[in-house]
Amino acid sequence: MIDFIDYLLGGISSGAIIALMALALVLVWRSTRVVNFAQLGQAMFTTYIALTVRELTGSWFLGLIIAMAAGLVVGVIVHFLVIRPVKRLDTSGAIIATFGVLIALEALAAMVWGGDPEAFPPPINNSGYEAFGRIWPFSPYDLLVLASVVFLVLALSVVFTRTNVGLAMRASAFNPEVARLSGVRVNRMLVRGWAIAGLVGAVAGVLVAPLSTLSPTSFDIFLVFAFVAAVIGGLDSLVGAVAFGIGTGLVIALVSGYSDSSNAPLVALVLLVLNLLFKPEGVFSHHKARAV
Amino acid sequence: MEALVQRFPGARLGVNAVTALVVWGLLTWVNQVIEPLMSYYLATAAMYATAMFGMTILLGLSGQVSLGNGALMAVGGYIFALTSMNWQTVPILGTPWNAVWSMVFAGFGGVVFGAAIGGIAARLRGPYLAGLTLGIAVGVPAIANRFPELLGGENGLMLQVPYPAGGYTSGDTSDEAVDDGGEVPLDEEPVYEELPDDFGDFDEEFTDEFGDELDSDPGDLSDEDLLTEDDLLSEDDFLSDDDFLTDEDFTTEDGFEAGIDEEIPEEDLLSEDDFLSEDDFLTDEDFTTEDGFEAGIDSDAGADLDAGLDGGSEASEGADITDPAADLDLAGVDAGLDAGFAIEQWQASMAIAVACVVGFIALNLVRGRQGRVWQAVRDDPIAAAVSGISPAGSKISAFVVSSLFAALAGAVFAQILTYVGPGAFTLGLSLSLLVGIVLGGRNSFIGAIIGAVILVWLPEFVLDVSADRGWQDQITNNAPNFIYGLLVVLVVLAAPGGIVGGIQSLAGRLRGQAKSSSSP
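Quick mapping for you: the protein sequence lines, in order, are chains A and F. Residue numbers for the first sequence follow our numbering, beginning at 1 and rising by one. Residue numbers for the second sequence follow our numbering, beginning at 293 and rising by one.
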């Protein structure tokens, strides 16, 4: 039982980060009906930028801020250079194009920073708290991660529910035609969706890097986890992405704890298959996933 | 041609067979005349093409974006490795095992996995399917870690290629092997490959360092010094598989050194007394034929042949072997000289044969009814369903066919690498297949072939450029992928039909211009 609690505690922060990544995928999907398979490639790239800034200035926080700005810029660039021109063609073209961006970004990162895994040490103590005579697998850094994620999610929900911009973005996602007729500049909203997704992804990247190492391909596995969480959550639903992001993180922590971490992708795959077979539209959405 | 085919329905089969045979003959001839290194590229390109014929059907004709084909190649590769390593006879049939059976079972495994994945995939569209297959590409190779005893874990499995004369068990693994005499048991086979190479090194080093001893008169030897029966090599004296360096030993320079150091205890090193005179050494001629080899052993192989080999390895330890491929090439060339062909040529002939068989099957499927069914479902599932076509069945069949091709390509890949492991079937492999088919042109088999050639050629081209410009390694190694990524985006934007589609539309435009200019 104490093992179970330990594994759950250890999974909370990675679950929170997967929630952010799933959130980024959902934000892009809502704005342009594209799953951005390059999302975590962009996050990997901005995390390298954060690492460089941190090495130059010694400030983790400055690295985070610059990574967020870079994520915003990269998201906008990818949207303008790739997605907007491709979207007119076909959906499979857009999917392939995002994979092209992923390949190019991973190779570019390896060219600039080298392909070897690099350590990205946590900014604060990452050893577990001590209480009741034992050490719990929950550290000050986990607390920082959790606080950052909660803050970001709350800020996003305020933007989406309490501001005019958020209302316009929701309108464009819900029905672009009607939104346009109502005077919403839909294209501008799409760009904002990509920008916010890039920013959220960048935060997730900087937060997740200390939990393992940073290499050009080290986020590939998180792409799978985030996709699983986003799809189970409904791909359309911000709440679903957050809930099932944390859920996916906890399941993975339990699987890794009781068996081996190499099983995690398989379990994620099983979750995805079960979801796609029995509730393909996702739990929080009535969106149609089956074509036939 | 179309008129002919319409009048005689069987003619289509004949045309496709002739096409495949002509391509096979042409490539086989090319394989005979080019260098072994080029044969290696040819083998790799043929392997990629085999897998990408399946991508043409899945992505081009059926319109499904799949990243799982690298994982399906892993299925084929692992089945090939496991069956060829563990099965002496074919179960149920009881006939002797050989590589062709391994290919058959690899293909069968591909069909089963393809049906399973296709069954799920047929219910999904666009991004859901891409995400699911992405998970498969990442998750399936991890299964190897789940069963380390059976599948070799992270290290993978080494397998023997049925080259040049041995088989896995029975010896008649392929036509080429039969031609060269298939009776030689497996254990001795590597000796054929490695001996001349190591001896060469040994001889050279030896002469440099101990020239005096070598020049000394063999007449000094007394009767006791002559070799007796006991001195002849027994089976045990031959190097067993374990004694050979495996690919793992070559991964890094350190790994290589460590491997050598472990293999050779101090006692095994040659003392001066152990040295044979120059005449005692086997020359290359002794190895040319099987009989020659036996004769060589019988006459004067020398007591310390194995010690000599060890010494040879020791001597070559100083040699700068950083690139396992380069070393493999060397061994291949030397052995190839003896056997009449290099291992790369054998691999290429096998890969070409598989690619042509697969291409023949693919042509028949695509040019026939099934091809039209796939396209109908891709373009309009509802209209297809109204016409009595099952859209789900069509999508599943596309998956099954592409999985079959991928699994066969995986079996070929396993033989080219003589290794299967999670490191060989990464997400990168799946992405390469996608890159190749998109660049070449996803709607035609020519596009698949062009894509395969690009995948093999571009890294070599970048290597050449980098050698000229003096780029750093980390740039050279990653530049091909960077270029692939950019090209994929560009092709999707500017020419969704890839190179073939681009050429077709260009030709169509030129023809249109010619027509309009000729008409008043």
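Cβ atoms here follow ideal geometry from the backbone N, Cα and C, with glycine treated the same way.
Chain A residues whose Cβ lies nearer than 7 angstroms to that of residue i
i	result
proline 419 of chain F	Val35, Ile95
valine 776 of chain F	In the sequence as displayed, the identity of residue 776 of chain F is tyrosine instead of valine. Near tyrosine 776 of chain F (Cβ distances below 7 angstroms), the residues of chain A are Ile103.
alanine 744 of chain F	Residues of chain A passing the Cβ test: none, with the nearest at roughly 17 angstroms.
valine 367 of chain F	Those within 7 angstroms of valine 367 of chain F in chain A number zero; the least Cβ separation is about 14 angstroms.
valine 748 of chain F	Under the 7 angstroms cutoff, chain A gives no residues; its nearest Cβ is about 17 angstroms from valine 748 of chain F.
isoleucine 412 of chain F	Val273, Leu276, Leu277
leucine 785 of chain F	Pro85, Val86
Residue i, DSSP secondary structure in three states
i	result
methionine 330 of chain F	helix
threonine 32 of chain A	helix
aspartate 596 of chain F	Its pLDDT being 37, under 50, aspartate 596 of chain F is placed unreliably by the model, and nothing is read from it.
leucine 62 of chain A	helix
proline 440 of chain F	helix
glutamate 636 of chain F	helix
valine 625 of chain F	Residue placement at valine 625 of chain F is flagged as unreliable, the pLDDT there being 42, under the threshold of 50; a coordinate-derived value is accordingly withheld.
glutamate 55 of chain A	helix
glutamate 606 of chain F	Summary for glutamate 606 of chain F: the model assigns pLDDT 36, below 50, so the residue's position carries little reliability; its value from the coordinates is reported in the next sentence. In this structure, glutamate 606 of chain F counts as helix in the three-state DSSP scheme.
arginine 134 of chain A	strand
leucine 601 of chain F	Low confidence applies to leucine 601 of chain F: its pLDDT is 39, below 50, so where it sits in the model is not reliable enough to give any reading.
alanine 38 of chain A	coil
aspartate 490 of chain F	Caution applies to aspartate 490 of chain F, whose pLDDT of 39 falls short of 50 and renders its modelled position unreliable; the value that the coordinates give is listed next. Looking at aspartate 490 of chain F - three-state DSSP - the assignment turns out to be helix.
glutamate 106 of chain A	helix
proline 388 of chain F	strand
glutamate 446 of chain F	helix
tyrosine 129 of chain A	coil
leucine 421 of chain F	helix
threonine 381 of chain F	strand
leucine 214 of chain A	strand
valine 712 of chain F	strand
Check whether residue i and residue j have beta carbons under 8 angstroms apart
i	j	result
asparagine 323 of chain F	leucine 334 of chain F	yes
serine 694 of chain F	glycine 346 of chain F	yes
glutamate 118 of chain A	leucine 211 of chain A	no
alanine 701 of chain F	glycine 423 of chain F	no
leucine 341 of chain F	alanine 744 of chain F	The sequence as given places alanine at residue 341 of chain F; leucine does not occur at that position. Yes, they are a contact pair.
alanine 168 of chain A	valine 781 of chain F	no
isoleucine 124 of chain A	proline 137 of chain A	no
phenylalanine 691 of chain F	isoleucine 409 of chain F	yes
proline 440 of chain F	alanine 634 of chain F	no
valine 754 of chain F	proline 772 of chain F	yes
glycine 777 of chain F	alanine 197 of chain A	no
alanine 436 of chain F	glycine 448 of chain F	yes
alanine 253 of chain A	tyrosine 7 of chain A	yes
valine 202 of chain A	threonine 57 of chain A	It is alanine, not valine, that sits at residue 202 of chain A in the sequence shown. Not a contact, by the Cβ cut-off of 8 angstroms.
Interface residues of chain F facing residue i [CB-CB closer than 8 angstroms]
i	result
aspartate 236 of chain A	Under the 8 angstroms cutoff, chain F gives no residues; its nearest Cβ is about 12 angstroms from aspartate 236 of chain A.
methionine 111 of chain A	Gln766, Ile767, Asn770, Ala771, Phe774
serine 212 of chain A	By Cβ distance, chain F contributes nothing, its closest Cβ being about 15 angstroms from serine 212 of chain A, past 8 angstroms.
isoleucine 221 of chain A	Val430
phenylalanine 227 of chain A	Gly423, Leu426, Gly427
serine 262 of chain A	Ala434, Asn437, Arg438
Listed by chain order, chain F residues near residue i by CB distance under 7 angstroms
i	result
proline 117 of chain A	Chain F residues near proline 117 of chain A: none, gap ~14 angstroms exceeds 7 angstroms.
leucine 167 of chain A	Simply none; closest approach about 26 angstroms.
valine 224 of chain A	Leu426, Gly427, Val430
leucine 108 of chain A	Phe774
glycine 312 of chain A	The question about residue 312 of chain A has no answer, for chain A in this structure spans 1 to 292.
valine 231 of chain A	Tyr420, Gly423
Contacts that residue i makes with chain A (C-beta to C-beta distance below 8 angstroms)
i	result
isoleucine 435 of chain F	Leu266
arginine 817 of chain F	Outside the displayed range of chain F (293 to 812) lies residue 817 of chain F, so it cannot be described from this structure.
Interface residues of chain F facing residue i [CB-CB closer than 9 angstroms]
i	result
leucine 269 of chain A	Leu424, Gly427, Ile428, Val430, Gly431, Val432
- Message: Between the region 68-86 of chain A and the region 743-751 of chain F, can you find at least three pairs of beta-carbon atoms closer than 8 angstroms?
- Response: Too few Cβ pairs lie closer than 8 angstroms, so no.
- Task: Decide if the region 212-230 of chain A is in contact with the region 14-29 of chain A; the criterion is three or more beta carbon pairs, one per stretch, under 8 angstroms apart.
- Result: Contact holds: three or more Cβ-Cβ distances are below 8 angstroms.
- Message: Quick test of the definition: if touching needs 3 or more C-beta pairs under 8 angstroms, does the region 402-414 of chain F touch the region 705-716 of chain F?
- Response: With the cut-off at 8 angstroms, the region 402-414 of chain F and the region 705-716 of chain F do not touch.
- Task: Name, going along the chain, the residues of the region 346-367 of chain F whose beta-carbon falls closer than 9 angstroms to a beta-carbon of chain A.
- Result: With the criterion set as a beta carbon lying under 9 angstroms from some beta carbon of chain A, the members of the region 346-367 of chain F are Leu351, Gly355, Gln356, Val357, Leu359, in sequence order.
- Three-pair Cβ contact test at 8 angstroms for the region 63-77 of chain A versus the region 734-741 of chain F: No, because fewer than three Cβ pairs between the region 63-77 of chain A and the region 734-741 of chain F fall closer than 8 angstroms, the two stretches do not touch.
- Message: Under 7 angstroms, CB to CB, which of the residues in the region 702-724 of chain F have a partner in chain A?
- Response: Within the region 702-724 of chain F, the qualifying residues are Leu719, Leu723.
- Message: Could you check whether the region 168-182 of chain A touches the region 28-42 of chain A, counting it as contact only if at least three pairs of C-beta atoms, one from each stretch, sit closer than 8 angstroms?
- Response: With a cut-off of 8 angstroms, the region 28-42 of chain A and the region 168-182 of chain A count as touching, because enough Cβ pairs lie within range.
- Task: Please list the residues of the region 75-89 of chain A that have a C-beta atom closer than 7 angstroms to any C-beta atom in chain F, keeping them in chain order.
- Result: The residues in question are Val82, Pro85, Val86, Leu89.
- Which residues, taken in chain order from the region 726-740 of chain F, show a beta carbon closer than 8 angstroms to some beta carbon of chain A? Those would be Leu726, Val727, Val730, in chain order.
- Query: Does the region 346-361 of chain F come close enough to the region 385-395 of chain F that 3 or more CB-CB pairs lie under 8 angstroms?
  - Reply: No: fewer than three Cβ pairs fall under 8 angstroms.
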